[in-house]
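Enquirer:
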Amino acid sequence: MTAVIVKALADLRRRRLQAAVIFLTVLLSMSAGTMAVTLMSQTRDPYQAAFDIQKGAHLQVAYKAGTDPQLLSGTPGTIGASASGGPYQVTSIQLKFGDRKFFVDAVGRDNPRGDVEVLNITSGRWPQANDEIALTRSFSELNHISVGDRLKVTSVAQTPLLTVVGQVVDIDEGSSDLSSQRAWVLPAAVTALTSPDSAYYLMDYRFASDPTNAQLQDSINRLRAGLPAGSITGSLNYILIRNIFNITNQILTDVLSAFSVFALAATVAIVATLVTGIVISAYREIGIMKAIGFMPAEVVGVFALQIVIPALAACLVGIPLGTIVSQPLLANSSHALGLSYSPTFSIGLDLVLLAGGVLVVAAAATMPALRAGLLKPIAAIAKASAPRGATGRVLRKSAARAHLSRPLVLGIGDAFARPLRAILTLVTVLLGVATVVVAIGLPRSFELINNSETGAGQYQVVVTRTSGYSDSDVMRVLNAQPETARVVAVAGQNVAVPGVTDPVNTRLFRGDSSRIGYMVIAGRWFSAPGEVLAPAALLRDARLKIGDTFTGVASGQPLQLHVVGEIYDISNLGHSLFMDLATMTSVTPAVEPFQYDVTLAPGADLASYVRRVAATQPDLIDVHASDTSIITPVKIIDLVLLILAAVLALIGVGGVFNTLLLNTRERIRDTATLKALGMSPRQVIAMVAASAALLALVGGLMAMPAGLALHHVLNDVISSSAGNDTPPGAYAVFNPVELVLIPLLGVAVAVVAALIPGRWAARTNVVEVLHAE
Amino acid sequence: MGGRANGRRAWWEDGMSEIVRVSDLTKAYQGGVTGALNGISLAIEAGEFTAIMGPSGSGKSTLLNLIAGLDRPTGGSVTVAGTDLGRLGESGLARFRRDHIGFVFQFFHLLPNLTALENVLIPAQLKSTTSAEAAGRKLLEQLGIKEMADRYPAKLSGGQQQRVAIARALINNPALLLADEPTGALDTASGEQVMSLLAELHRQGQTIVLVTHDAKLATRHAARVVSIVDGRVVDDARLETTERAAADVIRVRSEEMTR
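In the order they appear, the protein sequences are chains L and V.
If you want my numbering, it's the position in the first sequence, counting the first as 1, plus 16.
If you want my numbering, it's the position in the second sequence, counting the first as 1, plus 691.
Below, the structure written as structure tokens:
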């Protein structure tokens, strides 16, 4: 055994560059894999921990303001809830801070404690006076509002000032970049903050064990049956909130898992290539080892060990590195959930990863090393290393017919001289280029979707009004501006849909809403009252398809709806409806728009327009330029994708580099002969670069369809996790020139990578090499 | 054998007679206590068939490598075909070899994945000579291996491989043909055939420098025998002038063998 270790260590010292290639590729793949596994294993637990600590509500139900609170007090018994909170009086208010305005639902509540929905105060204290308010921490951080700041309530005529006295984490709502937010005041303060039609009651229910979707649906049905028609205006369950919390990490985990498998596959390909190359180049040495008494298994051990040692070192660095890099994401989750963050890792998991990583590399190394173990000593000593016979002839002839210079012809012929090595190299190139394609495509798909959600390029100004300023007043102001080209007014209302637990948030439009950027996936935009569009999740859960007609319930009134299209919309993870305002006013005439998406005429001065309209009514309307920026979770996913693409591209380059290194070393005698015959250093480099270019070109061309297919699949996985089908436009984010340029860029990178072995070959000392024969 | 495959006039046919001049040439390898070459001076005329003889480690192959521009001297100068090799960089040396030198190795050094004809054509293709194939086939025919043109080296005997190597060395019509122990890896009959080929080439005007440790071989075919021992020229005999010279060469060789 000592001899095996001594020989393996000696070989390792001699093959430092190859050891470095193994170290780097294993390091990168293990880091990515560890990140994926760490996120995967930790994602659900923090939410569950926070949900238990803060006694999260399994079900939250909104009741219309006129409902008898006594009746509501009896509802927990109706559905068998083990604990409840409320009824809390809630009112939607508009707050003004500086020149910015926000909408929140102000909940009247005496204290943050209770049997359900315990609010975790992370800063300041609970309100003790009617002019005090507590905000969620995520809302405060997003809008840079601190304890002590004073907010003006502009949705009521008195415009009272409220002082922010506390920041809390509420486990029963999503973070402010993904969901609307609540705020808390004393119950006695609610009345003064309530404007007409903005109030409702909120009840929180908690069950003894986590209920299923069907059980939640049953509970809602029983509540509905026990109360006057139209009492329930909305509801929210813990499954949706948990999904919203986890969606970023879920997508990241999906992406990381896919690409860490890629990275590991590329590593296996490189290891197998490397060991095959080492065995081939060491035939004589193998013969000598056997001749002096090495057993076949010991020969295999020597070759496997010199790969496993750098791989083990890479695992020992890569696993902690992956764990460390995943910590900011986990810390972010803990922060959002109000949990105190402490570095999260599992020694057991890390040991499994370590064992798995080393085993995979060892297996990849042992398979080709077996060849060394099985060689007969005399055959091994006699066998030459460079490929013989007709290898590469077809390629050489094709290249010669293209009138390429001889060095290029020779290099192209050499590229596939070792078919297995070439195939394994193509695998690494394919994975690298395919990942680059995905890393380029997905952010563009995200941007396209973001643009559809934010109306980027379709409307430039968003105006919201409070109930103190009428719809007709807003329209009059907007229509009076010469730059106003189009106004689409938006209202909201919840509609109960058969088969769906929570009432569905419905967006109601007045004006030419077909042109404000929403992506229709199938069917068409509505063109008449009664026509409706919905995302895939709602269609699936309500068992609807385009062409179906169903009866919803809005404000207790039946509403006949005809599905004419499938739309892309991520709000509430695909549970929403889109229809004409007139559809809703036929059963609830009181519904009025509260938001106005304004398209300006070409050349209009946006800032001047916003200032002018805002000045017409500083308190009662909010006017701001449409925010089309990408939300933070998407930015994080884009960044992780970029890093993964860089990692896999680097591994791909490593694969090409490794193959060229093996090829040039094997062909050192041929290169020396060519130099003796007059091949110049530049021609030697060109020969090596031609091999690299061909491998990269073939790998790149194969990678393009693979990358596009992967982009397609990931789009579908991500859209699906947000409750949608992928819009066709999200697939078609590449232009034809890019599809040509990406593999060509891969060729350029491979040629640059070829410079090192190329220069090494060019500097071959002819006399030394040929003398050694 | 017929005439040279490539019929263009060579530079030495324009009146120059001295094709190689080495002056006070030294070469020391790293770690070597003594040099491989210790101040050799030598001139070779165009059209000469010169054999360089010496025991193993005497420096004869080193001298040949320096003349070919494959290695650089520690001291002194090498001028071949009017070019001072010391003034050339790596690319310049490569071009020089391509244009002026044909090299035949002891172990042939054919590229294993190219056919015989492709091997022959390589130097011409490196020089971007476009119409070399006919010349290559003619050379193979002249060397008696025409039918082997499309075979790979592994399918050829040692003698056939060395003929291919000679054809490759001649394809660019070199001023100087250098042969380093060209029969060293061949059986006696094949070795004789190869030496006969070189002699025939010499009769057609080809300048040849042959490195060998076989005194009989050298004296049978070469017109001049330079003996090197410990990196110094110990004898320089022109055999066609006197019978004594051949005997001296044999004597020098015998002395070397007894060292």
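Backbone N, C-alpha and C define an ideal beta-carbon position, used for all residues, glycine too.
1. So residue 691 of chain L is in the beta strand (DSSP E); what residue range does that whole segment cover?
2. What residue from L:159, L:82, L:354 has the CA that sits closest to residue 244 of chain L's CA?
3. Between which two residues does the alpha helix (DSSP H) holding residue 157 of chain L run?
4. By DSSP, does residue 261 of chain L sit in helix, in strand, or in coil?
5. Leaving out five residues on either side along the sequence, give the residues of the same chain with a beta carbon under 6 Å from the beta carbon of residue 773 of chain L.
6. Cβ closer than 8 Å: which chain L residues qualify as neighbours of residue 782 of chain V?
7. Using CA coordinates, which residue listed in L:222, L:240, L:320, L:341 is at the minimum distance from residue 268 of chain L?
8. Evaluate residue 873 of chain V with the Cβ neighbour count: other Cβ atoms within 10 Å of its Cβ, from every protein chain shown; 16 or more gives buried, anything less gives exposed.
9. List, in chain order, every chain V residue whose beta-carbon is nearer than 7 Å to that of residue 786 of chain L.
10. Under 8 Å, with one C-beta from each stretch per pair, do the segment 872–890 of chain V and the segment 779–789 of chain V reach the 3-pair mark?
11. Using the beta-carbon of each residue, which ones in chain V are nearer than 7 Å to residue 686 of chain L?
12. Name the two residues that bound the continuous alpha helix (DSSP H) containing residue 105 of chain L.
13. Quick one: does residue 422 of chain L have its CB under 9 Å from some CB of chain V?
14. Determine the burial state of residue 573 of chain L: buried for a count of at least 16 other Cβ atoms within 10 Å of its Cβ, exposed for fewer.
15. Report the neighbours of residue 826 of chain V on chain L: residues whose CB is nearer than 7 Å to its CB, in chain order.
16. Around the C-beta of residue 867 of chain V, are 16 or more other C-beta atoms found within 10 angstroms, so that it is buried, or is it exposed?
17. In or out: residue 279 of chain L buried (at least 16 other Cβ within 10 Å) or exposed?
18. Around the Cβ of residue 21 of chain L, are there at least 16 other Cβ atoms within 10 angstroms (buried) or fewer (exposed)?
19. State buried or exposed for residue 308 of chain L, treating a residue as buried only when at least 16 other CB atoms are found within 10 Å of its CB.
20. Which residues in the same chain have their Cβ closer than 6 Å to the Cβ of residue 215 of chain L, if we skip the five residues on either side of it in sequence?
21. Would you kindly check if the distance between the Cβ of residue 718 of chain V and the Cβ of residue 904 of chain V is under 9 Å?
22. Could you tell me which residues DSSP puts in a beta bridge with residue 148 of chain L?
23. Buried or exposed for residue 800 of chain V, going by 16 or more other Cβ atoms inside 10 Å?
24. Are the Cβ atoms of residue 749 of chain L and residue 354 of chain L separated by less than 9 Å?
25. Between the Cα of residue 765 of chain V and those of V:888, V:714, V:891, V:928, spot the shortest distance and give me the residue it belongs to.
26. Closest to residue 629 of chain L by C-alpha separation, out of L:612, L:619, L:618, would be which residue?
27. What are the residues that DSSP puts in a beta bridge with residue 136 of chain L?
28. For a minimum of 3 consecutive residues, which ranges assigned as the beta strand (DSSP E) are wholly contained in the segment 37–96 of chain L?
29. In chain L, which residues lie less than 7 Å from residue 756 of chain V when you measure between Cβ atoms?
30. Who does residue 200 of chain L pair with in a DSSP beta bridge?
31. In whole angstroms, give me the CA-to-CA distance for residue 856 of chain V and residue 761 of chain V.
32. Does the beta carbon of residue 934 of chain V come closer than 9 Å to any beta carbon on chain L?
33. Whose Cβ in chain V lies nearer than 9 Å to the Cβ of residue 433 of chain L?
34. Which parts of the segment 863–921 of chain V are runs of the alpha helix (DSSP H), unbroken and 4 residues or longer, counting only runs that do not cross its ends?
35. Can the beta-carbon of residue 262 of chain L be found closer than 9 Å to that of residue 63 of chain L?
36. Does residue 306 of chain L come within less than 9 Å of chain V when only Cβ atoms are used?
Expert: Reading off the structure:
1. Residue 691 of chain L -> not in any beta strand (DSSP E); alpha helix (DSSP H) instead, spanning 684–692.
2. Comparing Cα positions, the closest option is L:82.
3. 153–159
4. Three-state DSSP puts residue 261 of chain L in a helix.
5. 676, 677, 680, 704
6. 696, 697, 698
7. L:341
8. buried
9. 796, 800
10. no
11. 802
12. Where residue 105 of chain L is concerned, there is no enclosing alpha helix (DSSP H), although the beta strand (DSSP E) it sits in stretches over 99–113.
13. yes
14. exposed
15. Simply none; closest approach about 15 Å.
16. buried
17. buried
18. If you draw a 10 Å sphere on the C-beta of residue 21 of chain L, you find fewer than 16 other C-beta atoms in it, and that means exposed.
19. exposed
20. Cβ within range, chain order: 81, 107.
21. no
22. L:179
23. buried
24. Going by C-beta atoms, residue 749 of chain L is not nearer than 9 Å to residue 354 of chain L.
25. Looking at V:888, V:714, V:891, V:928, the one whose alpha-carbon comes closest to that of residue 765 of chain V is V:714.
26. Checked all of L:612, L:619, L:618; the closest Cα to residue 629 of chain L is L:612.
27. DSSP, once it has assigned bridges, lists L:185 as partnering residue 136 of chain L.
28. 75–80
29. 783
30. L:123, L:150
31. 17 Å
32. Residue confidence for residue 934 of chain V is low, a pLDDT of 47 falling below 50, so the modelled location carries little weight; the figure read from the coordinates is stated next. Taking Cβ atoms only, chain L never reaches closer than 9 Å to residue 934 of chain V, which makes this a no.
33. In chain order: 804.
34. 879–894, 906–912
35. yes
36. Judged by the 9 Å Cβ criterion, residue 306 of chain L is not in contact with chain V.
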